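Quick note: the sequence shown, position 372, residue 372 per my numbering, numbers continuous.
Heads up: the structure comes next, in structure tokens.
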Amino acid sequence: MHVSVRVPRALYCRRLAVTPIIKTQWWQTHCASCQARSSSSETSPKVVTVEGRQYKTDEWMNTPASILSAIAKRLHLQPDHPLSITRQLIESRFLDHKYYNRLFPIVSVNQNFDALEFPHDHPGRSRTDTYYINKETVLRTHTSAHQADTFRANESSGYLISADVYRRDAVDRSHYPVFHQMEGAKSWDRNCLGSYGTLAERVWADVANIPSHTIKVEDPNPTIHPERNPLQSTYHSVEEAEAMAAHLKRSLEDVVVTIFTAARAAAVAAGDTTASTQEPLRVRWVEAYFPFTSPSWELEVFWQGDWLEILGCGIVRQSILNNAGVSSRLGWAFGLGLERIAMLLFSIPDIRLFWSSDPRFLSQFSATGPIQRFVPFSRHPACFKDVSFWISSTSRSAGGQVAHASARDFHENDVMELARDVAGDLVEDVRLVDEFVHPKTGRKSLCYRINYRSLERTLTNEETNDLHEKFRQQLVKNLGVELR
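Here's what the structure looks like:
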């Protein structure tokens, strides 16, 4: 499922909690199977073809070919890739679950939002946040897009979905427009209780089979709170919710123990003797809100001096199960960002590295050996450049809306998208450094700082100047701004 309404990048109400290098050529040479091409007839709709599947486009289309070309990568399935290793490590704690690792990423708006009861005015539906193919079709923004269909298939009482997901987002070392999530769920059938008198008794019996641990757990809030974390009282008893919450939390605590035991061993093997490798592991449960679970929580881990949000989870809204045709079942779901976990596990400092084909990166990881910390190779110098421009007085510098925006409306995510389109993975960071409103005209001026840095070589001044000038011109052409 997927992470204030503060949601981890794995659950989709936040941006994960974390919610992802490719060679530069990856952005400049797009595979033939996912090139967008127009029909020769002026009256025919444009069509994009992705891995042999054709989709009509309309005025909602905002997905560049560079994003479509990422679909074929499937990093979470590449042998010895850190994302694949992370996926398998978590799967090892759910051996009785069914795994879904090859679900296609282009889904309907209904699958991505409606079936999960996202409000119609939810910002996640906006074109500024989500990649649309047409008004009814998107690139999934979370693995929860497959939740209802997987429940409907009813092939197992538990499942894990690992997949690439897509969001228009900030440009920095922890955000990337394509990243990977894992969704997990467990459910029980009221009609299949066996020798148990109630479903709660059946769930508590399963709780007893979860491996015990000795970590310190902070969980100060009650499982149910009438305002902050309400019970689905129409469908669930207090006893059922308490039992499912206990099973959920114990299962995910077991995952955290596995991950951070491996991370700590890797740190010690690398010679790290700081306090974080010696102190006992601590976790805490925090009340949360997600559209498709209630009650809901986030799990945080104290690591290297900070509380880190790891995942989001909760008791699945019964209406989702009912609409999937499995009304006798009830259960829990969780979602997490694989990049976020892998960055902690392997000590990888920049999310762009996951897309690297550089042997200096890939050769450091093995699915058959122990987890090892990433050893950075040469850090190449950065080059930052600023761009200032006036925007329309009716434009928005942040936020989003669901309604279709015109080509000249301004949104910060459009700046991020253009920077990636022009410079690909040569852009490390884009951030707003200054805002100015003219006291007489009321016009707003924004200044963004773009930090160019390759992970693989030193960029020349000529290269960065050329990239930056192309970026400036694309701002004018695509966003209608006036350069200063």
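Even glycine gets a Cβ: it sits at the ideal position worked out from N, Cα and C.
Every value quoted in this text rests on a predicted model; they were computed, and no experiment measured them.
Check	Outcome
8 Å contact criterion, which Ile215 and Leu281 should meet: CB distance rounded	4 Å
Assumed close pair Leu467, Val422 - CB separation to whole angstroms, cut-off 8 Å	6 Å
Three-state secondary structure (DSSP) of Arg329	strand
First through last residue of the alpha helix (DSSP H) which encompasses Glu253	Val238 to Ala269
Anticipated Cβ contact below 8 Å, Pro416 with Asp169, distance rounded	Looking at the sequence itself, residue 416 is Met, so the reference to Pro does not match. 7 Å between Cβ atoms; contact.
Distance, His120 Cα to Arg352 Cα	33 Å
Nearest-angstrom Cα separation, counted from Arg457 out to Gln278	37 Å
Straight-line gap, Ser156 to Ser144 (C-alpha atoms, nearest Å)	17 Å
As assigned by DSSP and simplified to three states, the class of Asn461	helix
Val283 beta carbon less than 8 Å from that of Glu242	no
For Tyr448 and Val387, believed in contact at Cβ under 8 Å, the rounded distance	6 Å
Ala266 and Gln364 closer than 8 Å at C-beta	no
Val422, enclosing beta strand (DSSP E) - first and last residue	Segment Glu412 to Ala423 is the alpha helix (DSSP H) holding Val422; no beta strand (DSSP E) there.
Nearest neighbour of Val217, chosen from Trp307, Thr63, Tyr166 and Val138 [CA to CA]	Trp307
Length of the line joining the Cα atoms of Val178 and Asp272	31 Å
Buried or exposed by the 16-neighbour rule on C-beta atoms within 10 Å, applied to Ile21	Confidence at Ile21 is low in this model, with a pLDDT of 28, below 50, so the placement of that residue should be treated as unreliable; the coordinate-derived value is given next. When all chains shown are included, Ile21 counts as buried.
Contact the region 44-60 vs the region 131-142: 3+ CB pairs below 8 Å	yes
Pro295 - containing beta strand (DSSP E), residue span	Thr293 to Trp303
Beta-carbon proximity of Ile310 to Leu336, cut-off 8 Å	yes
Supposed close pair Asn413, Thr128 - CB separation, criterion 8 Å	5 Å
Inter-residue spacing [alpha-carbon to alpha-carbon] between Glu300 and Gly331	22 Å
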